[in-house]
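As structure tokens, the structure follows; a few thoughts come after it.
This is the structure:
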């Protein structure tokens, strides 16, 4: 449903994406990963029409997104920017209600459908109990669920999220990711998120997009594409990829210890012949 | 392994999403829905109460202001005169006092509206027409007119042109960054300083008597003004009424940052241009007619916001409060040191300032 064709985008005099072609699968949880400044946020912002590309097109269900009225896009595509400004004194229900903006006009400020959508969104994101609380009085994890609820109130088929887990502790990260997983599995939404944590990406993504320097290095199911070679290629980090003991998804373990506290397990404990197992002391000094 | 069971049980972290389907909130807290035919408006219940109270107070203030003065007219006689019964006081009530009081109410409402719009775009409770240079633009033009011997009827139109010129400059300077809050305020401060400096040059080179007249104009006074000025301001507000109806709604989302606003299908830059444009238009018109009484524009939105307990200034209540404030300020200016009259601009600051401080202190105590 979302694709880019020959996309060129950037800020001021810096070109971040230079001719990017990408197709994101429908009804899947896509996670975009890559090192800092690789262009993953730029890609997400351009796809969400928050950033106007210099050249090329973003296609939403086959039609160029810049030719669609922004209100119509907002009924089909929800977006959660990286760290949205929390408006002072606004209550949770009020903020979630702003998600109904694309369905409202100044002469039609509220409809029963708006109310139902807000209720559904708050229940889904588990913030219904906070409805009357000011958003700026909530914890980081609660806030993030409120923002997600706001985008859910838009009733869109697709949801784009820019680093939705940043600044959250591990438990809250998992909470947010579980919510996104439920949206995809139970509600059939298409979810696209930029994440920093490779292991979370591997655990939750149906489709993984690995980026480096404005280009897509690999894209596909994490189990097929997430290898030690890819991590070295994309992040410049030597690592071991093992199956996760809980989910079986690929688990990326940095091989370099920094030489202070921990030591790598003896190489003989690892599968020996996939060429990805580096020997202690022979790693590039990047990474940890 | 299937897609589903490679993930941990999600129900351990959150209760089932559909546990409370349709619990009928269906409405925003503190709001009621006002339906008039196909029109449905969200109304804050507290704003309705505050507006009703302000209307009552405004009417009381108007009657009081009609009654006080030399000669004193008993409130009962004021009411009788207003009802068209034909009393000996008709001349005093209708010809001497009412025009000026109506002007005070209309101008106060306009300042309240302008202040609300400008503060919401500037995202700053201290922004007002004189912070962003509109007052200074009007002031420079008025000073030039007053010191160059132009006819008295030309002063207000000239001031309007000056105010609009400042607005154009403000938009030209602020536009490059999409009229973002900080840029908007900075551009305004620059415009304000430039025009103020020019005004002082004109004043210093002018005849001292003309300079004094210009000084009084700059402070803002309603003395000697009435129906004509009120009609210009009311006409402007009336023409802008559809825009103001939109603005009352659009103000709701000015607190969202641009990315979030775009995400929900808004066009934040166009919205800011619309709101700020309306605000400076009203500000230029009202300042041109009554001078720089713009402390009302600073204080009315913030006091109204606290009375309504909303997260942003409410447009209608700010207008009503502005009207009330200016009617009272003008009354005080007329009566406090009678027969000497103080310009209303001095009194708005004297009344509004302490009240704003009181609200700020009370707000801090509650939030801490």
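Chains as they are written, first to last, in the numbering used here: chain A, 1 to 288; chain B, 1001 to 1368.
Each residue gets a CB set at the ideal place from its N, CA and C atoms; glycine is no exception.
Spell out the partners DSSP gives residue i in its beta bridges.
i: residue 207/A; result: 30/A
i: residue 212/A; result: 215/A
i: residue 194/A; result: 32/A and 162/A
i: residue 1036/B; result: 1039/B
i: residue 239/A; result: 254/A
i: residue 134/A; result: 91/A
i: residue 1352/B; result: Answer is none; residue 1352/B lacks a bridge partner.
i: residue 79/A; result: 160/A
i: residue 1362/B; result: None; residue 1362/B has no bridge partner.
i: residue 220/A; result: 208/A
i: residue 1031/B; result: 1044/B
So the candidates are the options; which of them puts its Cα closest to the Cα of residue i?
i: residue 151/A; options: 141/A, 129/A and 120/A; result: 120/A
i: residue 1047/B; options: 1307/B, 1195/B, 1249/B and 1239/B; result: 1307/B
i: residue 1335/B; options: 1108/B, 1133/B and 1069/B; result: 1069/B
i: residue 1112/B; options: 1062/B, 1293/B, 1309/B and 1362/B; result: 1293/B
i: residue 1192/B; options: 1105/B, 1175/B and 1170/B; result: 1170/B
i: residue 195/A; options: 14/A, 43/A and 227/A; result: 43/A
i: residue 159/A; options: 254/A, 238/A, 51/A and 75/A; result: 75/A
i: residue 1187/B; options: 1202/B, 1167/B and 1198/B; result: 1167/B
i: residue 1039/B; options: 245/A, 51/A and 108/A; result: 108/A
i: residue 1235/B; options: 1190/B, 1065/B, 1144/B and 1286/B; result: 1286/B
i: residue 21/A; options: 217/A, 156/A and 125/A; result: 217/A
i: residue 1156/B; options: 1135/B, 1313/B, 1173/B and 1271/B; result: 1135/B
i: residue 1211/B; options: 1120/B, 1203/B and 1100/B; result: 1203/B
i: residue 1277/B; options: 1131/B, 1087/B and 1114/B; result: 1114/B
i: residue 1198/B; options: 1177/B, 1137/B and 1116/B; result: 1137/B
i: residue 79/A; options: 1281/B, 1259/B and 1182/B; result: 1259/B
i: residue 209/A; options: 23/A, 7/A and 16/A; result: 23/A
i: residue 204/A; options: 16/A, 53/A, 41/A and 246/A; result: 246/A
i: residue 1215/B; options: 1267/B, 1291/B and 1325/B; result: 1291/B
i: residue 1328/B; options: 1094/B, 1101/B and 1071/B; result: 1101/B
i: residue 175/A; options: 100/A, 146/A, 156/A and 155/A; result: 146/A
i: residue 172/A; options: 193/A, 144/A and 68/A; result: 144/A
i: residue 1132/B; options: 1343/B, 1181/B, 1052/B and 1085/B; result: 1181/B
i: residue 49/A; options: 33/A, 4/A and 19/A; result: 4/A
Just the chain B side, please: which residues come within less than 9 Å of residue i by C-beta, in chain order?
i: residue 212/A; result: Here the premise fails: no neighbours, minimum Cβ distance about 25 Å.
i: residue 289/A; result: The requested residue 289/A does not occur in the structure, where chain A is confined to residues 1 to 288.
i: residue 224/A; result: Residues of chain B passing the Cβ test: none, with the nearest at roughly 14 Å.
i: residue 74/A; result: 1262, 1263, 1264, 1265 and 1266
Using a C-beta to C-beta distance shorter than 8 Å, which residues of chain B count as neighbours of residue i?
i: residue 66/A; result: Within 8 Å Cβ-Cβ: nothing; residue 66/A doesn't reach chain B, min ~12 Å.
i: residue 81/A; result: 1257, 1259, 1260 and 1263
i: residue 2/A; result: None at all; the shortest Cβ gap to chain B is about 15 Å.
i: residue 88/A; result: 1255 and 1311
i: residue 84/A; result: 1256, 1257, 1259 and 1260
For a contact defined as C-beta to C-beta under 8 Å, what are the partners of residue i on chain A?
i: residue 1029/B; result: 91, 93, 94, 131 and 132
i: residue 1253/B; result: 98 and 101
What does residue i touch in chain A if you count any residue whose Cβ is under 7 Å from its own?
i: residue 1033/B; result: 110
i: residue 1217/B; result: The premise fails here: residue 1217/B is roughly 37 Å from chain A at the closest Cβ pair, so nothing lies under 7 Å.
Residue i touches chain B at which residues, Cβ-Cβ below 7 Å?
i: residue 154/A; result: 1264
i: residue 71/A; result: 1265
Distance cutoff 9 Å, beta carbons only. Does residue i sit that close to anything in chain C?
i: residue 1357/B; result: Given the protein chain composition of this structure (A and B), no chain C is represented.
inquiry  = At 4 residues or longer, what runs of the alpha helix (DSSP H) sit wholly inside the region 1038-1118 of chain B?
reply    = 1045-1067 and 1075-1082
Against chain B, which members of the region 94-107 of chain A pass a CB distance test of less than 7 Å? 94, 97, 98, 99, 101, 102, 106 and 107
**Item:** Residue ranges of each alpha helix (DSSP H) within the region 2-76 of chain A, 4 or longer
**Value:** Qualifying alpha helix (DSSP H) stretches, in chain order: 40-47 and 70-76.
| request: Return the residues of the region 1227-1245 of chain B that lie within a Cβ-Cβ distance of less than 9 Å from chain A, sorted by chain order. | output: 1245
When you check each C-beta in the region 1257-1287 of chain B against every C-beta of chain A, which residues fall closer than 9 Å? 1257, 1258, 1259, 1260, 1261, 1262, 1263, 1264, 1265, 1266 and 1267
| message | Beta carbons nearer than 8 Å to chain A: which residues of the region 1038-1052 of chain B have them? | response | 1038, 1039, 1040, 1041 and 1042
Requested in this report: Give, in chain order, every unbroken run of the alpha helix (DSSP H) that is at least 4 residues long and sits entirely within the region 1279-1329 of chain B.
Outcome: Within the region 1279-1329 of chain B, the complete alpha helix (DSSP H) runs of at least 4 residues are 1295-1308.
Self-check item: Residues in the region 120-146 of chain A having any Cβ partner in chain B nearer than 7 Å
Solution: Taking 7 Å as the upper bound on Cβ-Cβ separation, chain B lies near residues 123, 124, 126, 128, 131 and 132 of the region 120-146 of chain A.
- Message: Please identify, using Cβ separations under 9 Å, the residues of the region 1196-1215 of chain B that lie next to chain A, in order along the chain.
- Response: none
(request) Write down every uninterrupted run of the alpha helix (DSSP H) in the region 91-123 of chain A whose length is 4 residues or greater and which is fully enclosed by it, in chain order. (result) 92-98
### Message
Against chain B, which members of the region 29-58 of chain A pass a CB distance test of less than 8 Å?
### Response
45, 48, 49 and 50
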